[in-house]
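K.L.:
In the UniProt record's numbering, the protein residues as written are 1 to 282. The beta carbon of each residue, even a glycine, is placed where N, CA and C say it ideally should be. First the structure, which I've put down as structure tokens, then a few questions once you've had a look.
Below, the structure written as structure tokens:
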């Protein structure tokens, strides 16, 4: 687990999150994110302070705690966490805030480490470069013999996720709300992506460093025909993604990755979880 200095260094590698949604509060967040991209240091600092005061992670928690979540709610929660992480990277040093973040990181690390012990796996750290989900899954696919080692690269896995999503729009568009605010032009359902937005989204998954999340994990599980288990600090401790369309489990070993909200101080990060015997031999 990296120290505080490494966490801060890694933060600046991440691209600006796309617009959050279309509410007044979200418009303000998007304006503040734009100011973070300016060359005015004072504007960057002021915007970071305002974003931190909005407690975006708490807002994301509230969205995710709703019994019935819409696609837009899930999308807004993910983007709020990414915006919060970016704001923290521009914030002036605050000892109290640093201490709180460090405690959250330590608590998360302890919970995931204990879960790994029960599963007899160890964490293989993945580079925090925006491709971490795809690199972690690539590592698992090679370990399981699903793909040859020379294909165990994020580029190959990104292409597989993007191609599967694009080939199954009915399975994924309900979970991908319009990113332009309001209804996507030509969308079949209000608030969701239009066909053109969906095409651009798939292209960004394939060709950019946009962060991967639940839709991409599900797509990879189905594309490669294996379960993907995500170990996290929150409950449930293990989130299971099965490749079958009815959600039923399959026999055979799953790909195991870990999900972190505080590793390197970032909003999201994924690592590969290797069997202990494999880690010992490497």
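Does DSSP put residue 167 in a helix, in a strand, or in coil?
P.N.:
Position 167 of the chain shown, counted from the first residue, corresponds to residue 167. Reduced to three states, the DSSP call for residue 167 is helix.
K.L.:
For residue 240, is the classification buried or exposed, using 16 other Cβ atoms within 10 angstroms of its Cβ as the cut-off for buried?
P.N.:
By one-based count along the chain shown, residue 240 stands at place 240. Per the 10 Å Cβ criterion, exposed.
K.L.:
When you compare only the Cα positions, how much space is there between residue 224 and residue 96?
P.N.:
Here residue 224 is taken as the residue at index 224 of the chain shown, counted from 1. Here residue 96 is taken as the residue at index 96 of the chain shown, counted from 1. Using only the alpha carbons, I get a separation of about 45 Å.
K.L.:
If you run the structure through DSSP and keep just helix, strand and coil, what is residue 174?
P.N.:
Within the chain shown, residue 174 is the residue found at index 174, counting from 1. Helix, per DSSP.
K.L.:
Just to confirm my understanding: we take residue 219, look at its own chain, exclude 5 residues before and 5 after, and list those with CB closer than 6 Å. What are they?
P.N.:
To locate residue 219, count along the chain shown from 1; it is residue 219. Only 161, 164 and 165 meet the Cβ criterion.
K.L.:
Are the CB atoms of residue 121 and residue 275 nearer to each other than 8 Å?
P.N.:
Walking along the chain shown from the start, residue 121 turns up at place 121. Walking along the chain shown from the start, residue 275 turns up at place 275. In this structure, residue 275 lies closer than 8 Å to residue 121 by Cβ.
K.L.:
When you compare only the Cα positions, how much space is there between residue 138 and residue 261?
P.N.:
Position 138 of the chain shown, counting from 1, holds the residue named residue 138. Position 261 of the chain shown, counting from 1, holds the residue named residue 261. Cα to Cα, the separation comes out at about 21 Å.
K.L.:
Identify whether residue 144 lies in helix, strand or coil by the three-state DSSP scheme.
P.N.:
Here residue 144 refers to the residue found at position 144 of the chain shown. DSSP places residue 144 in the coil class of the three-state scheme, outside both helix and strand.
K.L.:
Among 81, 146, 109 and 57, which has the Cα closest to the Cα of residue 340?
P.N.:
Here the chain comprises residues numbered 1 to 282, so residue 340 is not present and cannot be evaluated.
K.L.:
What number of angstroms, rounded off, separates the C-alpha of residue 125 from the C-alpha of residue 152?
P.N.:
Against the chain shown, residue 125 aligns to sequence position 125. Against the chain shown, residue 152 aligns to sequence position 152. A direct Cα-to-Cα measurement between residue 125 and residue 152 gives close to 15 Å.
K.L.:
DSSP three-state call for residue 209: helix, strand or coil?
P.N.:
The residue given as residue 209 occupies position 209 in the chain shown. Correct three-state label for residue 209: coil.
K.L.:
By Cβ distance, which residues of its chain are closer than 7 Å to residue 55, with the 5 residues on each side in sequence left out?
P.N.:
Locating residue 55 in the chain shown gives position 55, counting from the first residue. Excluding residues within five positions, none has a Cβ falling inside 7 Å.
K.L.:
Can you tell me whether residue 278 is buried or exposed? The criterion is at least 16 other CB atoms within 10 Å of its CB, across all chains shown.
P.N.:
Taking the first residue of the chain shown as position 1, residue 278 is located at position 278. That one is exposed.
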